[in-house]
Each structure stands twice: as C-alpha cells, then as structure tokens.
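Following: one structure in structure tokens, then a few remarks.
Numbering (the numbering used here), first residue to last: 3 to 359.
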C-alpha cells in the first residue's frame, strides 16, 4: 500500500501530515519557534515523514521525474513529496541540511531539567522503495568516493513481503543483494535554547540527527529538556541503516511514524539515570548511553563515561567495577561517522543486573 497523505492506517488522534506549513527543511526547531500543537504527557502523535531523497536540488527537485528513472510509476510517488519539492519552503542547498523535520510540538509540563521520553510506537513504510546516497565529498571515504565527485544515489527496492531491502550487485539490475529492514527515525529531538535554528546534520544534547539504528518500534529516546514545553520534533525516516552509515545516508525512505511523548520529572530522572548531559536510549533488552564529538576517539570516551555514570546511578555500581564490566560484557557501536559530530552508543544488557524495585 502507498500511504499517501491521510490515506491508510493512522494510529493516533493527533495526526501531522507533511506539508510546507508543518515542516522545516535542513534546520531544527529552537526556543523561539511556535509549536504546531500542544499535547499532554502520554499522548501519541502520528507523523507523516518524508525522505529528502529525490527532492534535493542535486537530484532535480522533482521526485516524480527522479523515481520514474528507477521505474516507479507516478502514482507510487508520494503527493506530499511532490508538493514539498515544488513549494517555496525555505532551503538553502549546500548551506542548510538535507532533512525534512516536523515543526515542534509543545508537551505540557515539560521543564528544563526534566527528560522528554520519545517512544517510537509504530513505523509504517509509506512506499516500497528507498535510496542510499553518497554526495558532496562526504561519507567515510571522502575524497575517494563518489568517484568524479558526482552524486551517486542508489535505488533500493523492498521485497514483496516487506521485510528486506534489495540492491543490485552491479549497475543494470540482477543479481541482487538483500538485507533486513528495520525502520526508524534518524532525527528525534527537542528544541535548543537558542534564538537561531540549529543545522539539521550534527547531533547534540538536543538529540537531532542521532542515527541510532536501535531506535526501532518499542524503543525510547530520553532527551534533556532545554526549553519549557520541550518542543519535540522528528524526521529523517529510514528503512534500514548499518552502524556507521558510511556512505553518508542510510536507506532513506518515508515512514508514517507514531511517537508517544512522555515527561520524566527531574527528580525521577536523576534517580533512574543520573545526571544526563545528552541523549540516552532504552530498548526492551538494552540501556543505550551515547557519546558525541567531532573526534571519534573522544566520542567513544564520552560514551564510556556516560555508561559508567549510568551504571552508578541506576545500580549503585562502583566506577572501577563498571569500567571492568563494560570491557567484559558491553558492545560499543558506532552510530554514524558522517554527520560532522560522530556518534557512539553502548548496548548494556538490562538482564545482566538485579531487577530494579
């Protein structure tokens, strides 16, 4: 099914379509932004998110023409993607980021010092295809790829059962390599306490473009609230991403995503997680502290420090013992290396520890 705007299953009563009036392009909400709506904690919001692939200026800013070259019929191109590309939604190519990001939502009662909990409840693919790109001399092999400096956008189809991505081994089609899909939102965040909107590419304490591939349906991202009301937003939908996201993008593809917004008051937050300076994720199996820095070595160090502090706050574990445990039992994964600020996240198994009262 093609999930055109307003068509098909919409889980939440609060529904935000993707329209020029509901989006920012390449920038993130800040303290001065007027929220699209206000919600009480515990509210689910369904967002139609749109991938920037096929809309960007170096791809012609014409998604119907772009995807037609890959055999996609006009009726399987999203109407909102076409409208956004044809609109006057501000976007300075090469200056702003590429991401289409929702304008913010005010969460009642969220105050600085609290945590905003953003739980991905559902992530429905809106189309049966996506794109993986390498461009702008970026990616892990900047200067080597893309060859000749031209943008390379690789079309990836979705298998008939909707579970796997399909990509050719060579230009021209068959044979193909297939890989599992695991949809998630690359961008989930809170507004920065600044008068100007931050660039959408580098992540930070506000969250933003974290690109943590564990944040699939059921996972929660905790973010330190920076402005009253939190001013939450989402974007950058993915069907799949490997740790590192080395070519520059993941399998970028549009999702209908339902997110539950909760507030963790400061006292409760400190009791459960300690003093968080940046994002923390949680899945059914893992606690996922993060580390961010332009230097990947420093990002790893920051993640280790965050993990030690988390184990101390949550379980009362002594720092030297937490350090030893992390070395023996915890994987530290590279989230991404292509977003100016590099990301690392740890996967701490909750089942290794005594159950919390």
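Built from N, CA and C at the ideal position, the CB exists for glycine as well.
Would you list the one or two residues that DSSP bridges to residue i?
i, result
"residue 206", "209"
"residue 49", "18, 259"
"residue 293", "346"
"residue 124", "260"
"residue 153", "The partner list for residue 153 (beta bridge, DSSP) is empty, contrary to what the question assumes."
"residue 167", "160, 181"
Enumerate in chain order the residues of its own chain whose CB-to-CB distance from residue i is below 6 angstroms, with the five nearest sequence positions on each side excluded.
i, result
"residue 311", "276"
"residue 247", "213, 338, 340"
"residue 369", "Any question about residue 369 goes unanswered here, given that the chain covers just 3 to 359."
"residue 301", "293, 294, 295, 344, 346"
"residue 125", "185, 219, 257, 259"
"residue 222", "119, 121, 284"
"residue 14", "46, 47, 48, 260"
"residue 355", "317"
What does the alpha-carbon distance come out to for the pair residue i and residue j?
i, j, result
"residue 230", "residue 71", "46 angstroms"
"residue 134", "residue 209", "23 angstroms"
"residue 131", "residue 323", "47 angstroms"
"residue 7", "residue 20", "8 angstroms"
"residue 167", "residue 39", "35 angstroms"
"residue 233", "residue 227", "9 angstroms"
"residue 327", "residue 90", "53 angstroms"
"residue 62", "residue 52", "17 angstroms"
"residue 195", "residue 329", "36 angstroms"
"residue 95", "residue 105", "19 angstroms"
"residue 169", "residue 175", "8 angstroms"
"residue 69", "residue 316", "49 angstroms"
"residue 136", "residue 5", "27 angstroms"
"residue 156", "residue 129", "16 angstroms"
"residue 140", "residue 250", "6 angstroms"
"residue 179", "residue 358", "43 angstroms"
"residue 335", "residue 12", "34 angstroms"
In its own chain, which residues sit with a C-beta less than 8 angstroms from the C-beta of residue i, not counting the 5 before and 5 after it?
i, result
"residue 351", "287, 288, 331, 332"
"residue 43", "109, 110, 111, 112, 263, 264, 265"
"residue 320", "314"
"residue 16", "39, 41, 45, 46, 47, 48"
"residue 81", "6, 7"
My guess is that residue i and residue j are in contact by the Cβ rule of under 8 angstroms, so how many angstroms apart are they, rounded?
i, j, result
"residue 267", "residue 116", "6 angstroms"
"residue 191", "residue 215", "Rounded, the Cβ-Cβ distance is 17 angstroms, inconsistent with contact."
I want to see whether chain D comes within less than 7 angstroms of residue i, judged by CB atoms only; does it?
i, result
"residue 131", "Structure shown: chain D not included; a single protein chain is present."
Within the same chain, show all residues whose beta-carbon is closer than 7 angstroms to that of residue i, passing over the 5 residues directly before and after it, in chain order.
i, result
"residue 65", "56, 57, 79, 83, 84, 87"
"residue 101", "28, 54, 189, 202, 211, 237, 238"
"residue 74", "131"
"residue 304", "293, 294, 295"
Cβ of residue i within 6 angstroms of any heavy atom in the ligand GTP?
i, result
"residue 176", "Absence of the ligand GTP is noted for the structure shown, with no ligands found whatsoever."
Every unbroken alpha helix (DSSP H) inside the stretch 245-282 [4 residues or more] | 268-275
Would you mind listing the alpha helix (DSSP H) stretches within the stretch 57-118 that are 4+ residues and don't spill past its ends, in chain order?
-> 65-70, 81-88
Length-filtered (4 minimum) alpha helix (DSSP H) runs lying within the stretch 302-346 = 321-331
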